[in-house]
Every structure is written in C-alpha cells, then in structure tokens.
C-alpha cells in the first residue's frame, strides 16, 4: 500500500523547547493510525505541522508521495488534509447544513444568493454516503456531542478531505458514542479515507487503529501493528518503564459520614439550574465517585461543596457541622482538601513560585506561621517535599508556577492537597494532563488516603478511573444524579446509557426516597447495584 502521509524527519522548535525531534511517520492509505503518547509528548504539535498551523523547523511533509509546503490550514485542506479539533468549532444556533457549508456555500444561478436547498441536499448525501445519520436541518445546540463531532467530520469531507486528523476524539463522548465513532472511522476507511487520531488511551489505540505510533518527549519511539501488541508494551513505550495498569483496590471499611449533601440546587453564571436537588453522602474510608460527560453540573456541585459557590437551595454538612455558609478558607482549616478542575484558575497563582503556592490556604496555620509571622524555612521545606514526592519538574521550588508544564502543575496541586492531612478530599479530574507513571502514583495515593480513613469525593471524566477507584459510583446527567451504582457490578454499557440520560432495561427509574448509602434497590439487587437518595429522575 502507498503512503497517504509521510512526515520525514520533522523537527519543531519553540523558544527553549524541542516539541518534535526528527520525527518520521508513515501512514498508509485507507487505514486508521493512532498517534499515542502522554500530554506534552508532541502529538498535537506534529499534527499541527501536517495541518499547516505550524511550519516545521526542519523536515519534509509528503501527502500522496508529493512533497508539500503548507503555509496555512487552507493549503492543507486544498491538499486533502482536514483536522477535527478536540474543541469543536461550530455555531450553535445554526443548522447542521449551515455549519458544514459555512464559508463554502453553494450558490444559485449567477452566484447572487446562497442555494440553501442545494446545501441541505449535499450535506444529506454526504451523511447518507458514510452512514452518519445526521439531520441537515437540526440545530447544533439541539444535538448531542457525538452528533456534533460527526458534523465536524462532515465539514472536512465537504471540503474534500481524504486524510482526517482527529485530536483526542473521544474526550467528551459516552461509551456508546465512542463505539459509534469507531464504526464511523471503519466506514470512512472502507471508502478509501485515511484517519490519524491523537490519543493517550491505550485501549482506544488497540481497538480502533490498524497501526500505532508512540511519541515520547517529542521523539518517535516506535510503530507497531495494533493487533500485534499489548497494553503493557504500549505503556512501556509511552513511559519508558514498566507500569502497573490495573488498580488493586482493597475492600472498603467505611466509617461515619464525613460529607452529606441534602437537596442541593445550584445555578450557573447564566442563571440556569446546573445542579437540581442533588443529595449524596461520603463516608470516612470510601471513595464516592461521580462520572458523567463534562458539563452536566459536576463543576457547580463541587464548587458548592468546597465553598466556591453559594447554593440556591439545600445544605452541605461536613464532619457533622452545617458548612453551607462557611468560606473556602475555613473548610480548608477544618480538613477539607480540594483538587480543582482548573489548576491554573483555581489551584495556583501562576506568578507565584512553588514555595508560595505550596501553602495557599494554609499560610496562617502551623507549622507555616508562628506568632503571626510566616516561617519561610518551613514553607520552603514543605514545597521541597511535595516536589520530591510527586516528581515535579523542574525540581526547583523557586520556579514560578507559570514556568511548569500543565502536567507538572497538576502534580504539584495534587501533592499539596494530599499533604493537608484532610478528613475529606474532593478531587476533580486529579489525573488530567499527567503521564501514565504519575497517574499510577496519584491513584495509589488516593487509595492510600482512603485506607487511612479519609473520605474521598472523586469526579472523573475517565470512566475506567472512576470505576477502578470508586466504592460507590454516581452518574450525573443534566444536573441530576441518575443513580448510584456498585462499580464492580455495573457494565460500561450501562454507565454509558446513564451518562446519556437513559436507564438500562433492568434498572428501576423510580429510586425510592430517603434511601441510605447502603441500600440496594429491588430492581438492581441481582446485579448488586446500590441507589442513593433522590437518584431517579
């Protein structure tokens, strides 16, 4: 088979950074090729070179064995290369057809007006040809995330793309939508298209791809056939050492309730109800997980629990005290640690160095303050301990937070919060943006805190993480807890349905009121599925 894409010796330098270091990549025509690697490995930079967003420092770009010089994405599109970014670029109030043809609308005779009917028919024909099942008249704001992604793919196909680059395409999809996407990719390759998708998920690379290329520290460390490798081999290529992929979670021995949320209702910045009458409990020595597609109220729920947002209704009880009106600082002092969703906005002061960032929220407490004065030796020693234990790089406590990569910023925030000696840890996406080795360490630390009697409220968009760590797992959809289930018994398919707002056939939608954390619904008893509070819709 011929190469649809050949990146020959691509090097891309930024000031002080070599993002791609003499990378050679060959992608065969009509295949799905996974570009696998940790955040910061150089995957997206390499694809931005192929798409014309970056000019390589050195090396050649060949498409269909012809050397190309791309000065912009328009040049790449003209050469048949399209890119679907992780964050979609769609206009919500417009229809599917209007979005697909935007900027390239067909015109009526004499070119004086847009042929809207012609646009609808072209989009419908494209959708039917590739089995997308997308309504050209549907408005983007009314369709699911999975459908929006198909619209982005249709946009590229409409512009003549033969090579499609997908950047982390499953990041915001339910398991069912992921399966549907993989079906779409298979259909596209059967019709001669070539797919390159960027991912850091081992299972996806092995399931969806024909070939896998692994990048580490900007270099190509190897390419393998997906059906001739293992998750362990790919992980070793990504990290450079053996990695423990399976979590060993001992049986929980939960104690008293450390967090109780009762009838919590929270509005977002637009005045829209983001959390709708949610109740839950977290006990000492257990991990209570919340799964769901981002944007279903998880952020607002966590902000209300941690004191960053005032709830409109309901009550938050922490260690037996009503803390609904407590400040964030008081909750920290009383033992509530928090790993925020956005490390830069909520977790760090970017202009501060690590010494200063290491005591945020605790700067007036012992052992960091004595007699009203800061003990800078103790503060610096604490920052050094976090940097060493969590392998924060560069290992310089005087480095400013803004000088660290996103992954190292995350490791520092996690280390600081874990070191607070909390009775409750609220962790939102604690492993987002960190490498496999650090992910392994952070997850083990979460389980260590649990074994020491800390209650953990875990919010994660990584389904395998939520299932692997949680003792009880809630699924959140449109501001409500659909159900609370036993993660060891429920299937990924069932969780996917709940994440999309649907109940599996076996589950009773009418969760009984005032059900305690140990109760098991009659319908779910055979599956060992627990329900909690107002779980039904």
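In my numbering, the protein residues as written are 815 to 1351.
Think of the CB as a built atom: it goes at the ideal place given N, C-alpha and C, for glycine as much as any other residue.
- Put simply, the backbone Cα of residue 874 is about 10 Å away from that of residue 863.
- For residue 1039, the enclosing beta strand (DSSP E) begins and ends at 1033-1039.
- Note on residue 872: under 16 other CB atoms within 10 angstroms of its CB, so exposed under the neighbour-count rule.
- If you keep only unbroken alpha helix (DSSP H) runs of at least 4 residues inside the region 1086-1125, you get 1112-1120.
- For residue 892, the uninterrupted alpha helix (DSSP H) segment begins and ends at 887-892.
- The beta carbons of residue 1232 and residue 1259 sit about 6 Å from each other, so the pair counts as a contact at 8 Å.
- A Cβ-Cβ contact shorter than 8 Å links residue 1267 with residue 1098.
- Looking at the DSSP output, residue 872 shares a beta bridge with 825.
- According to DSSP, residue pairing for residue 1150 in a beta bridge involves 1238.
- A distance of 8 Å or more separates the beta carbons of residue 1010 and residue 904.
- Looking at 1219, 1119 and 1054, the one whose alpha-carbon comes closest to that of residue 1164 is 1219.
- Measuring C-alpha to C-alpha distances from residue 1273 to each of 1107, 846, 883 and 1019 identifies 1107 as the nearest.
- Sequence-distant partners of residue 1225 (beyond 5 residues in either direction) whose C-beta falls short of 8 Å from its own C-beta, in its chain, are 1204, 1205, 1206, 1248, 1252 and 1256.
- Shown here, residue 1013 sits in a strand according to DSSP, grouped into three states.
- As DSSP reads the structure, residue 1071 sits in a beta bridge with 1097.
- Bridge partners of residue 1079 according to DSSP: 1127.
- Ranked by how close their Cα comes to the Cα of residue 1217, the residues 1177, 1168 and 1238 have 1168 in first place.
- Per the DSSP secondary-structure output, residue 1201 pairs with nothing in a beta bridge.
- The way I'd put it, the region 833-850 does touch the region 1020-1027; three or more beta-carbon pairs between them come closer than 8 Å.
- In this chain, residue 1027 is not harboured by any alpha helix (DSSP H); it is covered by the beta strand (DSSP E) spanning 1025-1030.
- With at least 16 other beta carbons inside 10 angstroms of its own, residue 969 counts as buried.
- Cα atoms of residue 1012 and residue 855: separation of roughly 11 Å, rounded to the nearest angstrom.
- The C-alpha of residue 1074 lies about 19 Å from the C-alpha of residue 1143.
- Residue 844 is not bridged by DSSP to any residue.
- Burial is judged here by how many other beta carbons sit within 10 angstroms of a residue's own beta carbon; residue 915 has at least 16 and is buried.
- Taking a C-beta distance under 8 Å as the contact criterion, residue 1269 and residue 1119 do not qualify as a contact pair.
- Here DSSP, grouped into helix, strand and coil, assigns residue 902 to coil.
- Between the alpha carbons of residue 1223 and residue 1215 lies a distance of about 7 Å.
- Judged by DSSP secondary structure, residue 881 falls within the beta strand (DSSP E) whose first and last residues are 880-882.
- By the Cβ criterion, the region 936-954 is in contact with the region 993-1007, since at least three pairs of Cβ atoms, one from each stretch, lie closer than 8 Å.
- DSSP, read as helix, strand or coil, puts residue 1310 in helix.
- Taking C-beta atoms as the reference points, residue 1049 and residue 1016 count as a pair closer than 8 Å.
- By the 16-neighbour rule on beta-carbons within 10 angstroms, residue 1145 is buried.
- A check of alpha carbon separations from residue 1156 across 1082, 1130 and 1242 identifies 1242 as the nearest.
- In terms of Cβ geometry, residue 1052 and residue 1193 do not form a close pair [threshold 8 Å].
- For residue 828, the number of other beta carbons within 10 angstroms of its own is below 16, and it is reported as exposed.
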